[in-house]
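Written below as structure tokens is the structure these notes are about.
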Amino acid sequence: MKKFFGVLLSVVMILLLLGGCGGKTNSTEASGETSATKEQADTGAAARKANNEIVVGIAQDLSSSLDPYELSTAGTRELMFNVYEALYKVAPSGDYEPALATAYTVSDDGLTYRFTLREGVKFHNDAVLTAADVVYSFNTCREKSVDKNVKAALQNVAEVKADDNTVTMTLTAPNSDFLVYVGSVYIVPDSYSDQATKPVGTGPFVFTERKVQDSIVFTRFENYWGEKAKIQKVTFRIFDTETALVTALDSDTVDLFAHLTSTQVNGLSKNYEVLEGTMNLVQALYINNAVKPFDDVRVRQALNYAIDVDAMLQMTADGHGTKLGSSIYPAFTKYFDESLVNAYPHDAAKAKELLTQAGYPNGFDMTITVPSNYTNHVDTAVVLAEQLKEAGINATVQEVEWDAWVTDIYQGRNFQTTVVGFDASTLTAEALLARFVSDSSKNMCNYQNTEFDALMAEAGSITDDARRTECYRAAEKLLSDDAANVYLQDMADFVALRSTLSGFRFYPLYVLDLSGLTY
Amino acid sequence: MKKLFEKHNNWFFRAGFVITAFMLLMILIGQFWTPYEPSAMDASAKGLAPSLSHLFGTDKFGRDIFSRVMEGAGSTLLIAFFVVLIGASAGVLIGAVTGYCGGIVDEILMRICDGITAFPSVMLALIIIAVLGPGKWNVIWVLAILFIPSFARVVRTEFSRIKKQNYISLAKLQGVGPLRIIIRHMLPNAFPVLLPAISIGFNNAVLAEASMSFLGVGVSVNEVSLGRMLNDSQNYILRGLPWYALFVGLTIALLILGFSLLGEGLQKNNEG
Amino acid sequence: MNFILKKLTTMIITLLVLSFLSFAAFEMVGDPVATILGTNATPEAAAELRAELGLDRPLPVRYGSWLVDFFRGDWGESYIYHIPVRDMIHEKFVITVTLTLMGFFLAVLMAIPIGLYSARREGQWIDRAITVLSQILMAIPPFFVAILLTIFFGLLLKIFTPGTFVSYQDNLGKFVGYMIFPAISIALPRIAMTVKMLRTTVLGEMQKDYIRTAYSRGHSRQTALKQHAFKNGLLPVITFLAANMAEMLAGCIVIEQIFSVPGIGRLLMTSISSRDIPTVEAIVMILALWVMIVHFIGELLNDAVDPRLHG
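Protein chains in written order, with my numbering: chain A, 112 to 630; chain B, 490 to 761; chain C, 4 to 314.
Okay, structure coming up:
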């Protein structure tokens, strides 16, 4: 018996040891305010309405760094849109409107931009915005931005000069999209080094707290220069499994959940209003144009004819989604060419005929590689594989982890076909089309067309807007004619919004604007 | 066959036999004929409830769940078969050597086996599959290796017991070589213990495949397997289509029940 | 003592092998830099990040320094979240261990009375019913039990709301309440196995000499059972379940997925796919340690009751 208690004692000791390890950090969060507020959240939507707060569901945690120039995932960018602001800010219409600057002038040669700063703008840390902050922000962004388009555009800025209340920028070459890039440079306080973990901006919401893999809290910025946000407090909670997501919607836990699929919003309770927008990306069956048999334009065209996009949309999203036809989505109203949408109507016989001409009368085997973490791309690939059978093409879907996709496919270009969606980090045609220029480092598809290259080069170097639009449209047409890829859709983006809330705005960019929401 | 039944004349064995035979029959039929083409999609028949035309209903792409279960159970069983085949062969080999030789070889190999069993096999498999990528054969190899210790242990215990028996000492004295002793004299005697281990191995392999595919790190998306289907069905449980998960889960449970009853029946006989 | 020493050596070797294997596995295929930088990666940025994470050093060096740090208590920083792995794991580990312990005690509490009862009524219809039922329950995978529980208690009876997990740090009562159904899912097959095991052991014990002696002293069969219930019931059950800890943990990751419990299994899954090597390593180590400690305790208990086993 004695021995038994000895053993029991050692059990208890070991348990204590295990329990004791690393227990300190969470205790601070567990005590006091957080538990109290959680308590309130538990009492449901009515209480949140009374407190003027909302809970927003998100599907993944934010990336590690919240530094404005290191926002590496779309999910992080869309939330930080509420915290950071630039001199000019995108509006739901896609136009750029004055934000931290009130006006700008541009010289006749298009090389010198002068921005007049807004007076009395405060940062979240109470510092007042100065021209020095703007210079600091532009220089830091140019140096370390993870967004290649923005970084490239800023390389053409020869000088950024602060002058009392104005900032002057001198370009080495004219760039008629320059204002868009200015809109991508978030302004932060000079020499503040904690942006990655304690971001400070000028936006309508203040970043307040983050619990990794659990939640993020924003509160309203009371000293905001413009119209203050209506909601007092926003808590983002992560629901990273389908079950968690669906139950969150079915129970009273969330007030807003964006980027849902039609399956997820089907049968949603009356407590929610379902809004439909688009994801603002180009989902396509991207083809490696350099490998056999896809180096033959007839084979690529055959794929285009073999695939029935309408049927695919019906299957994966109950018919929701916008057909594309080229590497541009409709939010780019100026550049979107409607006539390309039906350039390759579904026609299995024609596909077979083209394959026969190309020397594949009995079809061939191919692989569609998809990153496994994107379930909607995986679903699309499965449906496409089934459709290709009709044309005698035997497609196998291969799921790979995200890092393997980045290294092997995106960088290594070692693939046959892949289904993904490319979004535009800035509202420029460049962001969607430049990846097909022959020598672009992003030309994953190995698309080679000197005519296309010339059009893109011309569009980038001129300021005449009409001619630029012509160039981009011609470039899009080439992508379609060459059947560079099978362009599928801009996916439907469903937002579930508690019916007591209103004021949600869709943007042509991947952002989640919370400032307009109100009970 | 008749002999087998006479030998294992107990309730467990009979029930296990009936269930397993039924499942095997369905799987066998599934290889040649299914009510629908398992991968055929139908946009007009998405997410249907069970009916006469679709016994188990349809999934999100309008594919017939019953046909897919028939095919999926087949690949699950195939995986289990190869896992047990490879795992048992290697296990018998290792167990025989360690059990017969004893000493330092035994010590080392058994420590390795201890090491493998110290960690939840499914979790180890998760890591390896995450690295190798999903696919039927990757799952087979990983699970087979992780299953070796369980077989090795059984055979080893039995071998070290048999080793001490008189007839083995006698054979040794007569100058019979160790290989011959192992194969001709010891292995046949260890067989009654191995049989239930194999049956339980099947049971565990089905469970492991299902768990892994359920977590999305099992077979690839082109392949149908019970675990993969269960993973698919999970999203529909809460959206009012619980039968998908119910039928697939039931099939897994029946498959496992059959094997576990068989194993139980075989073991009962050894004891009695 | 010799036995304890031997066990400790095995434990250390196992930990070393496991940790090295998982290290090597990610060396072969995974690239955390690609995961973090995604399509924005430039060769320079990749090289810089590689240096920052220390990935530019050769594998043996990295493994060596990680190992030394780990045993010093420094488990490194998550590649993805840049916070100490220890802080990240702590809460999740407590959640998962609570789940396994709840399952464990549930199994002990249910299995002992049922097993002993079944043994007492050996051969009667109730014993047979229990045997058949446990045989069936044993065959039902924990995740299927979980799905059934979700459908019946969550959707039909609405006794609990799936997906409304509350952490023990926020509300202990609600936390335990939510964990009951996951714990049942994990415990049910174990209960069945334990009942069967217990019944066989007890019936075997009854044949042994000391029980016969007890009989001859005039004790009834019932009192003999009761007197030895502690030794014959509790200890074998605990040892048996302790030996099953690895399986219970494996069950946990699947169960966590179904009930949306943010435990260590979920963290392991996400860390594997995001190639967060320090986190994966720490989880592997801590889980292996936990399993081995439980095994060890089980064996010690066994030893305490029957010292002959280890000579």
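Don't be surprised by glycine CBs; every beta carbon is placed ideally from N, CA and C.
Under the three-state reduction of DSSP output, A:Q509 falls in the strand class. Using a Cβ-Cβ cut-off of 8 Å, C:A50 does not count as an interface residue toward chain A, since no Cβ of chain A sits closer than that to its own. Taking each of A:Y471, A:N391 and A:K463 in turn and checking the Cα distance to A:T444, the smallest one comes out for A:N391.
Under DSSP, A:A607 shares a beta bridge with A:F368 and A:V385. In the structure shown, A:V257 adopts coil according to DSSP, grouped into three states.
In chain order, H298 and G301 place their CB closer than 7 Å to the CB of C:A246, counting only its own chain and leaving out the 5 sequence neighbours on each side.
About 7 Å separates the beta carbon of A:A369 from that of A:D604, a gap short enough to meet the 8 Å contact definition.
Against chain B, a Cβ distance below 8 Å from A:M426 picks out M530, A532, K535, F550 and G551.
Taking the CA atoms as reference points, A:V410 sits about 10 Å from A:A417. In the structure shown, the three-state DSSP call for C:E80 is strand.
Our two residues, B:I618 and A:T574, have alpha carbons roughly 53 Å apart in a direct line. CA-CA distance, B:R503 to A:R609, rounds to 57 Å. Counting along the chain, no alpha helix (DSSP H) covers A:S552, and no H or E run does either. Chain A places no beta carbon closer than 8 Å to that of B:S658, leaving this residue out of the contacts.
In the structure shown, A:M280 adopts extended strand secondary structure according to DSSP, grouped into three states. Inter-residue distance for A:A284 and A:A570 is about 13 Å (C-alpha atoms, whole angstroms). Between the region 523 to 535 of chain A and the region 476 to 494 of chain A there are three or more C-beta pairs closer than 8 Å, enough to call the two in contact. Put simply, of A:D363, A:Y180 and A:S326 the residue whose alpha carbon is nearest the alpha carbon of A:S304 is A:Y180. In this structure the region 311 to 329 of chain A does not lie against the region 250 to 265 of chain A, because fewer than three pairs of beta carbons, one per stretch, are closer than 8 Å. Secondary structure note for A:K500: it is in no alpha helix (DSSP H), with a DSSP letter that is neither H nor E.
If you check each beta-carbon in the region 510 to 524 of chain A against every beta-carbon of chain C, the ones closer than 8 Å belong to E512, W513, D514, A515, V517, T518, Y521 and Q522. Interface annotation, C:M196: not in contact with chain B, CB-CB separation never under 8 Å. Neighbours of C:F29 across chain B, judged by C-beta separation under 8 Å: V620.
In this model, C:L104 and A:N260 are separated by some 53 Å (Cα to Cα). Here the alpha carbons of A:M423 and A:S438 stand approximately 18 Å from one another. Among the CB atoms of chain C, none fall inside 8 Å of the CB of B:V507. The beta carbon of A:T187 sits closer than 8 Å to those of L173, S174 and L177, all from its chain and outside the five residues before and after it, given in chain order.
A residue is called buried once 16 or more other Cβ atoms fall within 10 Å of its Cβ, and A:Y297 is buried on that count.
Between A:P300 and A:D244 a beta carbon distance of about 6 Å is seen, short of the 8 Å cut, so the two are scored as contacting. The CB of B:A742 comes closer than 9 Å to the CB of I139, A142, I143, P144 and F147 in chain C, given here in chain order. Boundaries for C:K161: no alpha helix (DSSP H) harbours it, and the DSSP string shows neither H nor E there. Distances from the CA of B:P623 to each of B:V713, B:F680 and B:V507 were compared; the closest alpha carbon is that of B:V713.
Using beta-carbon distances, B:S700 counts as an interface residue toward chain C, with a partner under 8 Å. Contacts with chain B at 8 Å (Cβ-Cβ) do not include C:P185. Annotated as proximal: A:T358 and C:T167, with beta-carbon spacing under 8 Å. Rounded to the nearest whole angstrom, the C-alpha separation of A:V376 and A:Q425 is 15 Å.
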